[in-house]
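Note sheet for the following structure.
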Amino acid sequence: MKNKLLAIACYSLFLISQSSPAAVVLDTSYWKCTAYDAENRSWVGHSDYQITSINRAFDACKKQSRVPATCKTSKEDCEAIVNGMTTRPMWRCLALDLAAVPWFSNIYENATDAAMAAKSFCQANSALPETCYVYLFTCRNLNVRNF
């Protein structure tokens, strides 16, 4: 009896979540910009236009920061969201050593930075650090989409 009630409750929650308007993902395109202050706190602004998004983030920082004179933002702190997905490049590279041990970089916006990070990671952790190498064809943009 207890299992049956639990199953009915779970099924009811599933049905409610499927019919809830909050569960629907909208196909939207907008700009998301971030402002920062000296305390490394961040504020986000959203808008259909990049400049408006920058201004909203900056205004929020100025109004809510404990040190508003240090608020900063720029176009580099913005990303375009198209159909709910970021368009910012996300590069990850692979370095190999002579033992063919793979060493992956963290994710970077620039392929060259990702390649240097992969090589540095390999050199810092490999048993054969002098043999570490990276070919740019081992780098991948993880954010590639087929439009």
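According to mature numbering (1 follows the signal peptide of the UniProt record, and there is no 0), the stretch in the sequence shown is residues -22 to -1, 1 to 125, in order.
Glycine is no exception: its CB is placed at the ideal position from the N, C-alpha and C atoms.
_Given Pro107 as reference, the closest of Leu74, Cys117, Leu120 once Cα atoms are compared_ = Among Leu74, Cys117, Leu120, the Cα nearest to that of Pro107 belongs to Leu74.
*Would the beta-carbon of Trp69 fall within 9 Å of that of Arg118?*
Yes; because the gap between Cβ atoms is below 9 Å, this pair is in contact.
_Check whether the segment 7 to 17 and the segment 41 to 60 are in contact - that is, three or more C-beta pairs closer than 8 Å._
The answer is yes - the segment 41 to 60 touches the segment 7 to 17, with three or more Cβ pairs under 8 Å.
_Exposure of Thr51, with buried meaning 16 or more beta-carbon neighbours within 10 Å_ = Residue environment for Thr51: buried (at least 16 other C-beta atoms within 10 angstroms of its C-beta).
*In angstroms with no decimal places, state the Cα-to-Cα distance between Tyr25 and Ser104.*
The question names Tyr, but residue 25 in the sequence shown is Ser. C-alpha separation (whole angstroms): 46 Å.
*According to the neighbour-count rule (16 or more other Cβ atoms, all chains shown, within 10 Å of its Cβ), is Val3 buried or exposed?*
Residue placement at Val3 cannot be trusted, given a pLDDT of 41 that sits under 50; the coordinates are not used to answer.
*Boundaries of the beta strand (DSSP E) in which Ala58 is found, first to last residue*: Its beta strand (DSSP E) spans residues 56 to 60.
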